[in-house]
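Peer 1: Sequence positions in the sequence shown follow mature numbering (1 follows the signal peptide of the UniProt record, and there is no 0) and run -24 to -1, 1 to 217. For glycine and all other residues, C-beta sits at the position ideal for the given N, C-alpha and C. The structure displayed is predicted, hence computed values, not measured ones. Pasting in a structure now, in structure tokens, and then I'll have a few things to ask.
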Amino acid sequence: MNRSPFVRRSLVVAGVATALLLTACGGEDEPVADPDQTVAPFDPDDTVPGSPDATIPADLPEEYEGAVGPVEVIGDPLPYLETDVIEDDPAVGQPAPVVVGLDFEGNPVRIDAAEEGPTMVVFVAHWCPHCNDEIPVLNELRYEGAFPADLNIVGVSTAPRTDGSNFPPGEWLEEKDWQWPVIADGVDTESGTFIAADAYGVSGFPFVTLIDEDGNVAARWSGGREGADFLSAIDTYLGLS
């Protein structure tokens, strides 16, 4: 399976040491982003209905502005995924945390299957080659109209790296023709974690969680899959086809 486990590494960005949760999911020939690349900062408007009750850390290095966003998590975090066997995952049957965040244009996005119906959450990182391969697989299913009509799909852009390929992630997702809602994951500089990824027990990229209509985890997996595998899992674990 095309994935790599998380590693915790200390980044020194703009002279500030920040421990962030990252994944080693790149190849040796991965291109490096322009170090002078800048992105527009978020301008959250907490008067917009559905905005997260959260802020971006004041100590976040300015290079990351526009690449991460404010994220609010409601509910208990899921355990870290440590198995390839979905039925052995202790998170299955547990309530999935509700996540409230913003997309890269500042619009509120919410992961809340109990309110919005069965949901597939896809965690991706702009620099991860397996994510770059997986998004076209998802797009092909979308072009074919293969996804069930009552399935919600939400992306989470997480673990941004200013020195990684395809930075900034908002532009990358636009170039990859990502058409579903997406949350720009937040970072907790005190704990050194990416907030939504940590809440969902992400163990590698890409990472997918299926949530049933009651808001409970139906399945989780890490690593790339073929289109038929997605449809089979959605049918098996959510009963949607």
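Can you check the region 109 to 189 for any beta strand (DSSP E) of at least 3 residues that lies completely inside it and give the ranges in chain order?
Peer 2: The qualifying runs are 128 to 133, 158 to 160 and 183 to 187.
Peer 1: Which whole-angstrom value is the C-beta distance of T95 and V130, which I expect to be below 8 Å?
Peer 2: Taking the sequence shown and counting its residues from 1, one reaches residue 95 at position 119. Taking the sequence shown and counting its residues from 1, one reaches residue 130 at position 154. About 6 Å; that satisfies the 8 Å criterion.
Peer 1: Could you check which residue in L114, V100, F181 and E38 has the C-alpha nearest to that of L207?
Peer 2: Translated into positions along the sequence shown, residue 207 becomes position 231. Checked all of L114, V100, F181 and E38; the closest Cα to L207 is L114.
Peer 1: Is A194 buried or exposed, if buried means 16 or more other CB atoms sit within 10 Å of its CB?
Peer 2: By one-based count along the sequence shown, residue 194 stands at place 218. Counting Cβ neighbours within 10 Å, A194 comes out buried, since at least 16 surround it.
Peer 1: So, using beta-carbon positions, are A30 and P53 closer together than 9 Å?
Peer 2: Here residue 30 corresponds to residue number 54 of the sequence shown, with the count starting at 1. Here residue 53 corresponds to residue number 77 of the sequence shown, with the count starting at 1. Not closer than 9 Å, so no.
Peer 1: Use the C-beta contact count for Y119: other C-beta atoms within 10 angstroms, 16 or more gives buried, fewer gives exposed.
Peer 2: Translated into positions along the sequence shown, residue 119 becomes position 143. Exposed, because fewer than 16 other Cβ atoms sit within 10 Å of the Cβ of Y119.
Peer 1: Tell me the residue span of the beta strand (DSSP E) that contains F99.
Peer 2: Counted from its first residue, the sequence shown places residue 99 at position 123. F99 -> beta strand (DSSP E) spans T95 to V100.
Peer 1: Would you say L78 and W197 are within 9 Å of each other, going by their C-beta atoms?
Peer 2: Within the sequence shown, the letter at position 102 stands for residue 78. Within the sequence shown, the letter at position 221 stands for residue 197. No; because the gap between Cβ atoms is not below 9 Å, this pair is not in contact.
Peer 1: Which word fits P73, buried or exposed, when buried means at least 16 other C-beta atoms lie within 10 angstroms of its C-beta?
Peer 2: Within the sequence shown, residue 73 is the residue found at index 97, counting from 1. The residue in question, P73, is buried, as its Cβ has 16 or more Cβ neighbours within 10 Å.
Peer 1: Taking the beta carbon of S133 as the centre, do at least 16 other beta carbons fall within 10 Å, making it buried, or is it exposed?
Peer 2: Residue numbering aside, residue 133 sits at position 157 when the sequence shown is read from its first letter. S133 is buried by the Cβ-count criterion.
Peer 1: What's the call for D205, buried or exposed, on a 16-neighbour Cβ count within 10 Å?
Peer 2: By one-based count along the sequence shown, residue 205 stands at place 229. So D205 counts as exposed.
Peer 1: Does the region 176 to 184 come close enough to the region 144 to 164 to have 3 or more Cβ pairs within less than 8 Å?
Peer 2: No contact exists between the region 176 to 184 and the region 144 to 164.
Peer 1: Whose C-beta lies closer than 6 Å to the C-beta of K152 among residues of the same chain, with five residues either side of it excluded?
Peer 2: Working through the sequence shown from its first residue, we reach residue 152 at position 176. Excluding residues within five positions, the ones whose Cβ falls inside 6 Å are I111.
Peer 1: Could you give the residue range of the alpha helix (DSSP H) that holds A90?
Peer 2: Looking up residue 90 in the sequence shown gives position 114. It spans A89 to E92 - the alpha helix (DSSP H) in which A90 sits, taken as one unbroken run.
Peer 1: If contacts are defined as beta-carbon pairs under 8 Å, then P33 and T165 qualify, I think. What distance do you get, rounded to the angstrom?
Peer 2: Counted from its first residue, the sequence shown places residue 33 at position 57. Counted from its first residue, the sequence shown places residue 165 at position 189. Going by Cβ atoms, the distance from P33 to T165 rounds to 5 Å, so yes, they are a contact pair.
Peer 1: Can you name the start and end residues of the beta strand (DSSP E) that L78 belongs to?
Peer 2: The residue labelled residue 78 in the question sits at position 102 within the sequence shown. L78 -> beta strand (DSSP E) spans V74 to L78.
Peer 1: Taking the beta carbon of V61 as the centre, do at least 16 other beta carbons fall within 10 Å, making it buried, or is it exposed?
Peer 2: The residue you call residue 61 lines up with position 85 of the sequence shown. Result: exposed.
Peer 1: Does the distance from the CB of T138 to the CB of E39 come in under 9 Å?
Peer 2: Translated into the one-based positions of the sequence shown, residue 138 becomes position 162. Translated into the one-based positions of the sequence shown, residue 39 becomes position 63. Their beta carbons are under 9 Å apart, which means T138 touches E39 by this criterion.
Peer 1: When we look at the beta-carbon of D161 and count the other beta-carbons within 10 Å, is it buried (16 or more) or exposed?
Peer 2: Position 185 of the sequence shown, counted from the first residue, corresponds to residue 161. It counts as buried.
Peer 1: For V25, is the classification buried or exposed, using 16 other Cβ atoms within 10 angstroms of its Cβ as the cut-off for buried?
Peer 2: For the purposes of this step, residue 25 is taken as residue 49 along the sequence shown, with counting starting at 1. Going by the sequence as given, residue 25 is Pro instead of Val. Under this definition P25 is an exposed residue.
Peer 1: Per DSSP, which one or two residues make a beta bridge with N192?
Peer 2: For the purposes of this step, residue 192 is taken as residue 216 along the sequence shown, with counting starting at 1. P71, per the DSSP bridge assignment.
Peer 1: Should A172 be labelled buried (16 or more other beta-carbon atoms within 10 Å of its own) or exposed?
Peer 2: The residue labelled residue 172 in the question sits at position 196 within the sequence shown. Counting Cβ neighbours within 10 Å, A172 comes out buried, since at least 16 surround it.
Peer 1: Which class does I210 belong to by DSSP, given the choice of helix, strand or coil?
Peer 2: As a working mapping, residue 210 is identified with position 234 in the sequence shown. Of the three classes helix, strand and coil, the one that applies to I210 here is helix, per DSSP.
Peer 1: Do N128 and H102 come within 9 Å of each other at the CB atom, strictly closer than that value?
Peer 2: Position 126 of the sequence shown, counting from 1, holds the residue named residue 102. Position 152 of the sequence shown, counting from 1, holds the residue named residue 128. Not a contact, by the Cβ cut-off of 9 Å.
Peer 1: Which residues in the same chain as E116 place their Cβ atom closer than 7 Å to its Cβ, once the five residues preceding and following it in sequence are excluded?
Peer 2: Sequence index remark: in the sequence shown, residue 116 carries index 140 (1-based). Cβ neighbours of E116 beyond the five flanking positions: G203.
Peer 1: Rounded to whole angstroms, what's the CA-CA distance from A67 to V85? Just pull it up for me.
Peer 2: Stepping through the sequence shown from its first residue, residue 67 is reached at position 91. Stepping through the sequence shown from its first residue, residue 85 is reached at position 109. If you take the alpha carbons of A67 and V85, they lie about 23 Å apart.
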